[in-house]
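Student: Take a look at the following structure, please.
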Amino acid sequence: MRNIKPIIDPSRPKVYIETYGCQMNVNDSEVILSILQEEGYALTESMDEADVILANTCSIRDNAEQRIWGRIDQFKLQKRKRDGVIIGIVGCMAERLKDKLLEAVDLVAGPDSYRSLPELLRAIRPDNPQINVLLSHEETYAEISPVRLDKNGVSAFISIMRGCNNVCSYCVVPYTRGAERSREPQSILREAQEIYANGYKEVTLLGQNVDSYFWKDKENPANNVNFAQLLEMVAKISPELRVRFSTSHPKDISDEVIYTMAMYDNICKHIHLPVQSGSSIMLEKMRRKYNREWYLERVKKIRSVIPDCGITTDVIAGFCGETEQDHKDTLTLMEEVVFDSAFMFAYSERPGTLASRKYPDDIPYETKTKRLNEIIELQGRMSLKSNEKEVGRRLKVLVEGPSKRNPDELCGRAGNYKMCVFPSRGEKAGDYCEVEVTSVTPATLLCKRID
Ligand code: SAH
Ligand code: SF4
Ligand code: F3S
Numbered sequence: 000m001r002n003i004k005p006i007i008d009p010s011r012p013k014v015y016i017e018t019y020g021c022q023m024n025v026n027d028s029e030v031i032l033s034i035l036q037e038e039g040y041a042l043t044e045s046m047d048e049a050d051v052i053l054a055n056t057c058s059i060r061d062n063a064e065q066r067i068w069g070r071i072d073q074f075k076l077q078k079r080k081r082d083g084v085i086i087g088i089v090g091c092m093a094e095r096l097k098d099k100l101l102e103a104v105d106l107v108a109g110p111d112s113y114r115s116l117p118e119l120l121r122a123i124r125p126d127n128p129q130i131n132v133l134l135s136h137e138e139t140y141a142e143i144s145p146v147r148l149d150k151n152g153v154s155a156f157i158s159i160m161r162g163c164n165n166v167c168s169y170c171v172v173p174y175t176r177g178a179e180r181s182r183e184p185q186s187i188l189r190e191a192q193e194i195y196a197n198g199y200k201e202v203t204l205l206g207q208n209v210d211s212y213f214w215k216d217k218e219n220p221a222n223n224v225n226f227a228q229l230l231e232m233v234a235k236i237s238p239e240l241r242v243r244f245s246t247s248h249p250k251d252i253s254d255e256v257i258y259t260m261a262m263y264d265n266i267c268k269h270i271h272l273p274v275q276s277g278s279s280i281m282l283e284k285m286r287r288k289y290n291r292e293w294y295l296e297r298v299k300k301i302r303s304v305i306p307d308c309g310i311t312t313d314v315i316a317g318f319c320g321e322t323e324q325d326h327k328d329t330l331t332l333m334e335e336v337v338f339d340s341a342f343m344f345a346y347s348e349r350p351g352t353l354a355s356r357k358y359p360d361d362i363p364y365e366t367k368t369k370r371l372n373e374i375i376e377l378q379g380r381m382s383l384k385s386n387e388k389e390v391g392r393r394l395k396v397l398v399e400g401p402s403k404r405n406p407d408e409l410c411g412r413a414g415n416y417k418m419c420v421f422p423s424r425g426e427k428a429g430d431y432c433e434v435e436v437t438s439v440t441p442a443t444l445l446c447k448r449i450d
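Going by numbering that gives the first Met the number 0, the sequence shown opens with residue 0, and the numbers climb by one from there.
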């Protein structure tokens, strides 16, 4: 069996990687490490002993980039301490800022250029930094088996597609990640099987818009694969292997996907369905291509087929021109849906996006913050409400490890993605436990054992 854990070898040159941004970036760092291990590098978790220091970066909001500029200053201190240390910025910020980063670092590589990293590293000289920010229409790193960077060997990410073809007006991703392309399904299956054979119990299929996954077989259209079919193929690997996916787009999530989820016990009953706003006027301006009614209909459909399905979301507060009424529409939608949890953000204008060209970023900072705080406060109450519904329910939990507060207790997620805490009987990460929910907080289900 192939080793999918990082190589630890003190005699090799060492690479240190920090990862920012989304799950796709986490998986990309695993691809990068795989490529660099082939080139003779080994991973180090200490920046102080690294020959190459990489930051895999995110551009989604301005504060994400500001944080990375701060890190670059830290990395540069290493350069002063030790001659020959290479500093590289890879990922979305590399793609967005391109040669503007070359003054600060030795290496700049965009998300589609990781195969060229060995070559770029070899070419770097003190006064000759290297850059590759070409985007590709084909690259999916399909046959590169990522070296797993997770700590507990339970849950792994698999990228099933790259890029994004939507043009949500606020979003920088289509510019940093390029056009959408789907990965060949057999390579996805092989990777999932390899993960399972290595003892993992959960895979999460990743894409910016998984519902538009589509593999077109050039020779035989009967072999075309859509997302529902891919989900089924992965679910069939083993009933012991849980399957998750992210992110679903409200305009594209199909009934076929919802029915496929219902058919397989090991497809987790959780959908991350970012709504962004509850106001149809804002949704139109955001170019999300659905409105409030459409979103609520999708939620209704999901719950009619899978009554206990976990639904989580993303919300943006203070998008261009957002009125008090638009904001209230977001609050009432959140109250109507009762999301299990949400990622909530203040709008951050991104240079080059449609919104930055067309609409002034006209909501004052104080108003954005006030609205965001109202959204966060409401979601806190909704999370508690959604958790209270779970009291008395029986859940199957995949153990992640000891609970942080009490070593006699374990923690892990139920299929609906809710975090459960319950008494340990010596199980370890990767075991399944049956529990019943006895009480809740907004973030956790407290459970007793029933197995
Ligand atoms: N592909 C996913 C989301 C990717 S980005 C989707 O379509 O839902 C993750 C989240 O970041 C988005 O859902 C959105 O809520 C937030 N986001 C994206 N651009 C943003 C911006 N300019 N300002 C604030 N939040 C933003
Ligand atoms: Fe960005 Fe929209 Fe694509 Fe999501 S679907 S990555 S929000 S453009
Ligand atoms: Fe992900 Fe951030 Fe890029 S959210 S796709 S790393 S801009």
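Ideal Cβ positions, reconstructed from N, Cα and C, are used throughout, including at glycine.
(1) Closest Cβ-Cβ distance between Ile159 and chain C: below 8 Å?
(2) Alpha carbon to alpha carbon, what distance is there between Asp360 and Glu64?
(3) Under 6 Å Cβ to Cβ from Val314, same chain only, skipping five residues before and after it: list those, please.
(4) For Gln275, report the span of its alpha helix (DSSP H) as first-last.
(5) Run the CB neighbour count on Lys4, radius 10 Å, all protein chains shown included, and call it buried at 16 or more, exposed below.
(6) Under 8 Å between the Cβ atoms of Leu188 and Val233?
(7) Beta carbon of Ala363: closer than 7 Å to some heavy atom of the ligand SAH?
(8) Out of Arg241, Arg121 and Cys163, which one is the CA nearest neighbour of Leu397?
(9) Hey, quick one: how far does the beta strand (DSSP E) through Asn386 stretch, first residue to last?
(10) Quickly, what does DSSP pair His269 with across the bridge? List them, please.
(11) Below 8 Å on the Cβ atoms is my guess for Arg291 versus Asp325; work out the distance and round it to an integer in Å.
(12) On the DSSP bridge list, what partners appear for Gly87?
(13) Using a Cβ-based criterion (distance less than 7 Å to any ligand heavy atom), does Met343 qualify as near the ligand F3S?
(14) Taking C-alpha atoms, which residue in Asp254, Met262, Pro306 and Phe318 lies nearest to Ser279?
(15) Are at least three pairs of beta-carbons, each pair with one atom in the stretch 59-76 and one in the stretch 34-43, less than 8 Å apart?
(16) If you run the structure through DSSP and keep just helix, strand and coil, what is Phe338?
(17) Can you tell me the Cβ-Cβ gap for Val153 and Tyr199, rounded? I've got them flagged as a contact below 8 Å.
(18) Taking Cβ positions, are Val104 and Asn55 nearer each other than 8 Å?
(19) Leaving out five residues before and five after Ala49 in sequence, what residues of the same chain have Cβ atoms less than 8 Å from its Cβ?
(20) Should Ser347 be counted as a contact of the ligand SAH given a C-beta to heavy atom distance under 7 Å?
(21) CB Gly277 to CB Thr331, shorter than 8 Å?
(22) Beta-carbon within less than 8 Å of Ser45's beta-carbon, same chain only, minus the 5 sequence neighbours each way: which residues are those?
(23) Which whole-angstrom value is the C-beta distance of Leu230 and Thr259, which I expect to be below 8 Å?
(24) Using C-beta distances below 8 Å, list every residue in its chain close to Arg70, excluding the 5 sequence neighbours before and after it, in chain order.
(25) Go through its chain and collect everything with a Cβ distance to Tyr113's Cβ below 8 Å, but skip five positions before and after it.
Tutor: Reading off the structure:
(1) Included in the structure is just one protein chain, with no chain C present.
(2) Taking C-alpha positions only, Glu64 is separated from Asp360 by approximately 18 Å.
(3) The residues are Ala341, Met343 and Ile374.
(4) Element bounds for Gln275: n/a, residue is neither H nor E.
(5) Sixteen is the threshold: since fewer than 16 other Cβ atoms of the shown chains lie within 10 Å of the Cβ of Lys4, the residue is exposed.
(6) It is a contact, given that the beta carbons lie within the stated cut-off.
(7) For clarity, residue 363 is Pro in the given sequence; the question names Ala instead. Look at Pro363: its beta carbon is at least 7 Å from all of the heavy atoms in the ligand SAH.
(8) For Leu397, the closest C-alpha among the options Arg241, Arg121 and Cys163 is that of Arg241.
(9) Segment Tyr364 to Glu387 is the alpha helix (DSSP H) holding Asn386; no beta strand (DSSP E) there.
(10) In DSSP, His269 forms a bridge with Gly309.
(11) Not quite, the Cβ-Cβ distance comes to about 11 Å (not below 8 Å), so this is no contact.
(12) Gly87 pairs with Leu53 and Leu106.
(13) No, the Cβ of Met343 stays beyond 7 Å of every heavy atom of the ligand F3S.
(14) Minimum Cα distance to Ser279 is reached at Phe318.
(15) The stretch 59-76, when compared against the stretch 34-43, does not touch it at the 8 Å Cβ threshold.
(16) Under the three-state reduction of DSSP output, Phe338 falls in the coil class, being neither helix nor strand.
(17) About 6 Å separates the two Cβ atoms, so the contact holds.
(18) No.
(19) Cβ neighbours of Ala49 beyond the five flanking positions: Lys13, Val14, Tyr15, Thr43, Gln77 and Val84.
(20) True, at least one ligand heavy atom lies under 7 Å from that Cβ.
(21) Against a cut-off of 8 Å, the Cβ pair of Thr331 and Gly277 comes out as a contact.
(22) Beyond the five residues adjoining it in sequence on each side, Ser45 comes within less than 8 Å, by CB distance, of Tyr15 in the same chain, given in chain order.
(23) The distance from the Cβ of Leu230 to that of Thr259 is about 5 Å, consistent with a contact at the 8 Å cut-off.
(24) The residues are Glu17 and Ala54.
(25) So the list reads Asp27, Val30, Ile31, Ile34, Val89 and Tyr140, once near-sequence residues are dropped.
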